[in-house]
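Asker:
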Amino acid sequence: MTDGENNAGMDLDSFHAALSNGLSALRGPGSSQQTVRLRDIEDFVLIRGRFRKVGESPESTVFLAPYGDPADPAAGPRVRVTCATEGLRSEVPQGTFSARCLGKVQDWNAEDAVLEVQAMAIFR
Numbered sequence: 035m036t037d038g039e040n041n042a043g044m045d046l047d048s049f050h051a052a053l054s055n056g057l058s059a060l061r062g063p064g065s066s067q068q069t070v071r072l073r074d075i076e077d078f079v080l081i082r083g084r085f086r087k088v089g090e091s092p093e094s095t096v097f098l099a100p101y102g103d104p105a106d107p108a109a110g111p112r113v114r115v116t117c118a119t120e121g122l123r124s125e126v127p128q129g130t131f132s133a134r135c136l137g138k139v140q141d142w143n144a145e146d147a148v149l150e151v152q153a154m155a156i157f158r
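Position one of the sequence shown corresponds to residue 35 (the working numbering), numbered consecutively onward.
Take a look at the structure:
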C-alpha cells in the first residue's frame, strides 16, 4: 500500500511482482493455467497502507485498508488485518493512520472482496 493521502492502495508494483512470482511457483513449470485462487496463497506479506480500526475485543483487534484506488474505498476490495489486542503497545489512533503490517495470508473472501491477513507485527 502506498503512503499517499489520495492513493490508499497497496504498493502495487511490488505486490503484483511478488504475487506473480508466487503464482508461477504454484502453477509449476510448463503450466498453462492463468489464474490461482487467492485462498491458495499461504505466504507472508508486507502491507503498507492507510488502516482504520473496525473492531476490538480483549482477544483481537481488526483493521481494514482499501486495496488499489477505488472510487469508494468502503465498497472496493479491502485487506482485513487481525492482530492480538494484548500485543498492541500503544493506543490506536482515531480514523485512518499509515502503517506497515507483516502478516500471513489466511483467506480470500471473494464475495466481499476481502483479503484476510493474520498480523505478526504492525509498525506505525
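Every residue, glycine too, gets a C-beta built ideally from N, C-alpha and C.
Computed from a predicted structure; not experimentally measured.
Measure the CB-CB distance between T116 and R84 and report whether it falls below 8 Å.
Answerer: Not closer than 8 Å, so no.
Asker: I need the straight-line Cα distance from R134 to I156, nearest angstrom please.
Answerer: Their Cα atoms are separated by approximately 6 Å.
Asker: What separation, rounded to the nearest whole angstrom, lies between the Cα atoms of E93 and A118?
Answerer: Each residue's alpha carbon lies about 6 Å from the other.
Asker: Using 8 Å as the threshold, is the C-beta distance between T137 and V79 below it?
Answerer: The amino acid occupying residue 137 in the given sequence is Gly; Thr does not appear at that position. Cβ distance < 8 Å, so G137 and V79 count as in contact.
Asker: Considering only the beta carbon of each residue, do A147 and P107 sit closer than 8 Å?
Answerer: Their beta carbons are not under 8 Å apart, which means A147 does not touch P107 by this criterion.
Asker: Is the beta carbon of R82 closer than 8 Å to that of F97?
Answerer: Cβ distance not < 8 Å, so F97 and R82 don't count as in contact.
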